[in-house]
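Trainee: FYI, in my numbering the residues of the sequence shown are 8 to 372. Backbone N, C-alpha and C fix where the C-beta goes; we use that ideal spot for every residue, glycine too. Following this message is one structure expressed as structure tokens.
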Amino acid sequence: MTGPEPHSWVRDLDVYVGGKSRIAGMDRVIKLSSNESPFGPSPRALDAYQGAAATLHRYPDGTALALREAIGAAHGLDPARIICGFGSDEILKLACRAYAGPGDEVIYSRYGFMMYPIAARSVGATPVEAPDRDFVADVDAILEAVTARTRIVFLANPNNPTGTYLPVGDVERLARNLPEDVLLVLDAAYAEYVERSDYEAGEALVDAFPNVLMTRTFSKLYGLAALRLGWGYGTPAVIEVLNRMRDPFNVTTPAQAAGIAAVADQGFIEQARAHNTRWLERLTQSIRKLGLDVVPSVANFVLIRFPEKHGITAEGANNYLTRNGVLLRWLPNQGLGNCLRMTVGLDEENERVLALLGEFIRDRS
Ligand SMILES: *Cc1c(COP(=O)(O)O)cnc(C)c1O
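Shown next as structure tokens:
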């Protein structure tokens with residue numbers, strides 16, 4: 008007996024590996040490996056989450072109406088064109104399930120978010136990697152990769168793990184030049200962090216084109232990663248399709264309650280954003296002074312590039328930091344074996360990383 012056989016493509020599917028959260032033998036670690044907010048959620052979101060305990064025996068509102076209205080009000084969007092998901096990852100996967108399948112191609116940029124090839128393969132589609140330019144997505148390279156089989160283009164803007172972004176003009180050019188039957192997914196998981204006048208998350212592009220979907224998340228700046236809450240904004244047709252694909256109760260009541268309270272507390276995220284902006288600059292300057300390269304980031308993390316000479320390697324630094332109770336993300340599986348990605352943490356956490364990196368380099372110079 009051999010048992011049931013999955014689809015042929017399921018056998019080759021990579022499992023998404025998240026950032027490490029534990030170090031053997033250590034009770035307390037500094038975890039800067041998953042781009043989580045070091046401040047956690049707004050206290051009002053926590054209250055709302057706890058308040059939902061009274062109705063745990065009831066099914067959630069399957070349409071997440073109040074949450075969509077809250078998001079719509081905060082962003083000036085029509086709630087009917089918003090879909091909520093079990094993390095924005097669910098929405099990326101729903102898009103793949105609805106629009107791509109065996110024989111189809113799904114494009115993403117080199118060093119793009121690791122979920123895109125996984126989501127494409129999970130429906131039997133072929134992931135196609137377009138070259139980047141200096142860690143930035145390259146619109147021309149993406150357009151050149153388009154074939155008659157292309158169904159979806161994923162663009163993380165800002166991108167993870169590079170932290171770079173495309174100005175709205177470039178994204179608009181991508182949208183304008185894609186065939187209308189190719190879905191452009193603008194994954195704006197880090198949009199709330201960006202403080203650049205030429206950046207837009209994508210709402211206006213969704214309104215201007217028939218084939219653009221924007222996704223957002225509560226996992227990053229809103230500090231609610233554990234609740235798994237994301238949302239998408241699209242054309243009525245695309246949202247209607249995604250709604251048919253999703254599970255009827257994909258967002259839990261506590262998640263809906265926390266999300267509603269979180270979007271209402273913009274003061275809380277303003278502080279977290281200001282902290283992040285301050286530290287992005289400081290970390291970039293300080294790490295460069297140590298002789299390492301830092302890719303310019305607009306998100307809540309920096310990609311640190313090591314020379315890989317004289318023992319100053321990303322792997323070596325990762326081991327040194329781990330021995331000292333600090334977890335960053337080493338990314339050899341993404342072709343970034345010479346890089347560590349560091350999430351912006353609390354003041355003392357960032358200071359600790361800077362001190363440890365300084366020691367690591369001094370010991371080898
Ligand atoms: C973290 C992240 C997500 C968000 O995932 P959730 O499922 O909403 O937690 C989406 N896209 C990118 C690029 C990310 O880094």
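Shorter than 7 Å, the distance from the beta carbon of S226 to the closest heavy atom of ligand 1, or not?
Mentor: As a position in the sequence shown, residue 226 is number 219, starting the count at 1. Result yes, Cβ under 7 Å from ligand 1.
Trainee: In angstroms with no decimal places, state the Cα-to-Cα distance between S304 and L39.
Mentor: By 1-based counting over the sequence shown, the position of residue 304 is 297. By 1-based counting over the sequence shown, the position of residue 39 is 32. Near 16 Å, if we compare the C-alpha coordinates of L39 and S304.
Trainee: Would a C-beta distance cut-off of 8 Å place M6 and V309 closer than the cut-off?
Mentor: Any property of residue 6 remains undetermined from this structure, which presents the chain solely from 8 to 372.
Trainee: Which whole-angstrom value is the C-beta distance of R91 and W238, which I expect to be below 8 Å?
Mentor: Indexing the sequence shown from 1 puts residue 91 at position 84. Indexing the sequence shown from 1 puts residue 238 at position 231. Residue 91 is actually Cys in this sequence, not Arg. Contact holds; Cβ gap of about 5 Å.
Trainee: For R88, count neighbouring Cβ atoms within 10 angstroms of its own Cβ and tell me buried if that reaches 16, exposed if not.
Mentor: As a position in the sequence shown, residue 88 is number 81, starting the count at 1. Under this definition R88 is a buried residue.
Trainee: Do you know whose CA, among E356, T320 and D254, lies nearest V36's CA?
Mentor: In the sequence shown, residue 36 corresponds to position 29, counting from 1. For the residues E356, T320 and D254, the minimum Cα distance to V36 belongs to E356.
Trainee: Look up E112 in the DSSP assignment and say whether it is helix, strand or coil.
Mentor: For the purposes of this step, residue 112 is taken as the residue at position 105 of the sequence shown. In the structure shown, E112 sits in a strand (DSSP, three-state: E or B).
Trainee: What number of angstroms, rounded off, separates the C-alpha of D145 from the C-alpha of I319?
Mentor: Numbered from 1 along the sequence shown, position 138 holds the residue referred to as residue 145. Numbered from 1 along the sequence shown, position 312 holds the residue referred to as residue 319. Going from the Cα of D145 to the Cα of I319 covers about 30 Å.
Trainee: What are the partner residues of P134, as DSSP defines its beta bridges?
Mentor: Working through the sequence shown from its first residue, we reach residue 134 at position 127. DSSP output for P134 lists V113 as bridge partner(s).
Trainee: I'd like to know if the stretch 284 to 302 and the stretch 98 to 110 are in contact, where contact means that at least 3 CB-CB pairs between them fall below 8 Å.
Mentor: No, they do not touch.
Trainee: Flag D147 as yes when its Cβ comes closer than 7 Å to any non-hydrogen atom of ligand 1, and as no otherwise.
Mentor: The residue labelled residue 147 in the question sits at position 140 within the sequence shown. No; taking the cut-off as 7 Å, the Cβ of D147 has no heavy atom of ligand 1 nearer than that.
Trainee: Roughly how many whole angstroms lie between the Cα atoms of Y106 and D272?
Mentor: Here residue 106 refers to the residue found at position 99 when the sequence shown is read from its first residue. Here residue 272 refers to the residue found at position 265 when the sequence shown is read from its first residue. Their backbone Cα atoms lie some 35 Å apart in a straight line.
Trainee: Look at the alpha carbon of L231 and the alpha carbon of M8, and state the distance between them as a whole number of angstroms.
Mentor: In the sequence shown, counting from the first residue as 1, residue 231 sits at position 224. In the sequence shown, counting from the first residue as 1, residue 8 sits at position 1. Answer to the nearest angstrom: the Cα atoms are 45 Å apart.
Trainee: Return helix, strand or coil for A144, following the three-state DSSP convention.
Mentor: The count along the sequence shown starts at 1 and reaches residue 144 at position 137. Strand, per DSSP.
Trainee: Nearest by alpha-carbon distance to L72: which of R359, A155, F256 and N307 is it?
Mentor: Reading the sequence shown from its first residue, position 65 is the one you call residue 72. For the residues R359, A155, F256 and N307, the minimum Cα distance to L72 belongs to F256.
Trainee: At what residues does the alpha helix (DSSP H) containing M122 begin and finish?
Mentor: Residue mapping note: residue 122 aligns to position 115 of the sequence shown, counting from 1. M122 -> alpha helix (DSSP H) spans M122 to S129.
Trainee: Below 7 Å, is the gap between the Cβ of D139 and the nearest heavy atom of ligand 1?
Mentor: The sequence position of residue 139 within the sequence shown is 132, counting from 1. No, since every heavy atom of ligand 1 falls outside the 7 Å radius drawn around the Cβ of D139.
Trainee: Within a Cβ cutoff of 7 Å, which residues of the same chain sit near G25, ignoring the five residues on either side of it in sequence?
Mentor: Within the sequence shown, residue 25 is the residue found at index 18, counting from 1. If we look at G25 and ignore the five residues flanking it on each side, its Cβ neighbours are S41.
Trainee: Indicate, with yes or no, if ligand 2 has a heavy atom lying under 7 Å from the CB of N42.
Mentor: The ligand content of the structure shown is limited to ligand 1, which means ligand 2 is not among them.
Trainee: In the DSSP output, which residue or residues are listed as bridge partners for T154?
Mentor: Position 147 of the sequence shown holds residue 154. Paired residues: none, contrary to the question.
Trainee: On the DSSP bridge assignment, give the partners of W238 in chain order.
Mentor: In the sequence shown, counting from the first residue as 1, residue 238 sits at position 231. Per DSSP, C91 and R223.
Trainee: Out of S293, D34, P48 and I30, which one is the CA nearest neighbour of L228?
Mentor: Sequence index remark: in the sequence shown, residue 228 carries index 221 (1-based). When each option's Cα is compared against that of L228, the closest is P48.
Trainee: Between N340, G344, N307 and R203, which lies nearest to G323 when the distance is taken from Cα to Cα?
Mentor: As a position in the sequence shown, residue 323 is number 316, starting the count at 1. Among N340, G344, N307 and R203, the Cα nearest to that of G323 belongs to G344.
Trainee: Which residues does DSSP list as the beta-bridge partners of R336?
Mentor: One-based indexing of the sequence shown puts residue 336 at position 329. R348.
Trainee: I think V381 touches L236, with their Cβ atoms under 8 Å apart; what is that distance to the nearest whole Å?
Mentor: In the structure as shown, the chain starts at 8 and stops at 372, and residue 381 therefore has no counterpart that could be examined.
Trainee: What are the boundary residues of the alpha helix (DSSP H) that R68 is part of?
Mentor: What you label residue 68 is simply residue 61 of the sequence shown in a count that begins at 1. It is worth fixing the name first, because residue 68 is Asp in this sequence and not Arg. Element bounds for D68: n/a, residue is neither H nor E.
Trainee: Grouping DSSP H, G and I as helix and E and B as strand, with all else coil, what is I311?
Mentor: Residue mapping note: residue 311 aligns to position 304 of the sequence shown, counting from 1. Three-state DSSP puts I311 in a strand.
Trainee: So, for A81: in the same chain, excluding its five sequence neighbours on each side, which residues have a beta-carbon less than 7 Å away from its beta-carbon?
Mentor: By one-based count along the sequence shown, residue 81 stands at place 74. Answer for A81: V270, listed in chain order.
Trainee: Could you tell me the alpha carbon to alpha carbon distance between G176 and G332, rounded to whole angstroms?
Mentor: Start at 1 with the first residue of the sequence shown, and residue 176 comes out as number 169. Start at 1 with the first residue of the sequence shown, and residue 332 comes out as number 325. Cα-Cα distance, rounded: 42 Å.
Trainee: So, with DSSP's three-state summary, where would you put D85?
Mentor: Residue numbering aside, residue 85 sits at position 78 when the sequence shown is read from its first letter. The answer is coil: DSSP assigns D85 none of H, G, I, E or B.
Trainee: If I follow the unbroken beta strand (DSSP E) through L63, where does it start and stop?
Mentor: Working through the sequence shown from its first residue, we reach residue 63 at position 56. From DSSP, L63 is part of no beta strand (DSSP E); its letter is neither H nor E.
Trainee: Ligand 1 and F216: does any heavy atom of the ligand fall closer than 7 Å to the residue's C-beta?
Mentor: Looking up residue 216 in the sequence shown gives position 209. Every heavy atom of ligand 1 is 7 Å or more from the Cβ of F216, so no.
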